[in-house]
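With the UniProt record's numbering, the residue at position 145 of the sequence shown is 145, and numbering never jumps.
Structure, as structure tokens:
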Amino acid sequence: MRRTITTLAAAAAATLVLAGCGASGGDEEVGSDSGDGVTTLTVGVSPVPHGEILEFVRDNLAEDAGIDLEIVSYDDYALPNRALVDGELDANYFQHQPYFDSEVESQGYELEHFPGVHIEPFALYSNTITDIADLPDGATIGINNDPSNQGRALDLLAQADLLTLDDSVDVVSATVGDIADNPHDFEFIEADAASLARTLDDVDASVINGNYAIEAGLSPTEDGLIYEAGADNPYANFLAVRAGDETNEAIVALNDLLHSDETRQFIADTWADGSVVAVD
């Protein structure tokens, strides 16, 4: 089920009038004219941190760019791309390149994306263990079950020398079946990413996606037994649109705001612990 939170910024006279209001990129219109040259864009997000970042843009930067943002929040990764393709959204902001590629390939979506805005480092969390050296042989480890993120989680464990992956397999697409050596006999419990934080008491440890960890009050640097480095991380999250809409002026302006110095500073100030890192 979709949990929807919709917020509308107050329409105001803008200093910049954007052409392309209502311009069509594919079969669907992009945005709508709110009056006084302001374009309303409906953007789907994960609640944290994407929704919070976009709310900052809406409340502090969008009006001067002639944009009014309607933000729709989703708890289920499977929904925002479908909603975008169906014309319910003008853009979405929740996913990274491997997930985007898997959706385009498996679902046949005709989508495009802009450069990455931020990274949410994965980490291994536990409610009972405080040092990775104390993780016992035969430990149960929760791991996400979606193909684009399972390899990422396994690579985190491999980088910590907890297991070895088949070197003939691309890490991005690796699954538990591609574990070449499991010297500690870990048992992997595959589950929906959204459930991993909620079920942390049921396992010895879990590799939890950054946004769900933040929602659960977990910090990779403060609570994680091990965590991803932000530098050269290929899992940056970005703004995605229907193919053909990537040149729409309102969409381009929104992407520029997401990459602005103001937004970068907001990310650095809000997640000073490194749980969200702006892309260089």
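Every residue, glycine too, gets a C-beta built ideally from N, C-alpha and C.
Model, not experiment: these values are computed from the prediction.
Taking a contact to require three or more Cβ pairs closer than 8 Å, the region 185-201 and the region 87-97 do not qualify as touching. For Arg82, no pairing in a beta bridge is given by DSSP. Taking 8 Å as the cut-off, the Cβ atoms of Gly151 and Ala123 do not count as close. Excluding five sequence positions before and after Ala153, the CB atoms of its chain that fall closer than 8 Å to its own CB belong to Phe122, Ile143, Asn144 and Val207, given in chain order.
Within the same chain, Ser73 come within 6 Å of Pro47 by CB-CB distance, once the 5 residues on both sides are set aside. Nearest neighbour of Tyr212 by Cα position, chosen from Leu239, Pro49, Gly44 and Val43, turns out to be Pro49. Per the coordinates, the alpha-carbon of Tyr227 lies some 30 Å from the alpha-carbon of Val241. Rounded to whole angstroms, the gap between the alpha carbons of Ile129 and Gly224 is 10 Å. Across the structure, Gly108 and Phe114 are spaced so that their CA atoms are roughly 19 Å apart.
Listed in chain order, the non-local C-beta contacts of Ala62 below 8 Å within the same chain comprise Ala9, Asp68, Leu69, Leu254 and Leu257, local neighbours out to five positions each way being set aside.
For Leu218, the closest alpha carbon among the candidates Asn237, Asp59, Ala231 and Ala197 is that of Ala197. In this structure, DSSP gives Tyr227 an extended state, which the three-state scheme calls strand.
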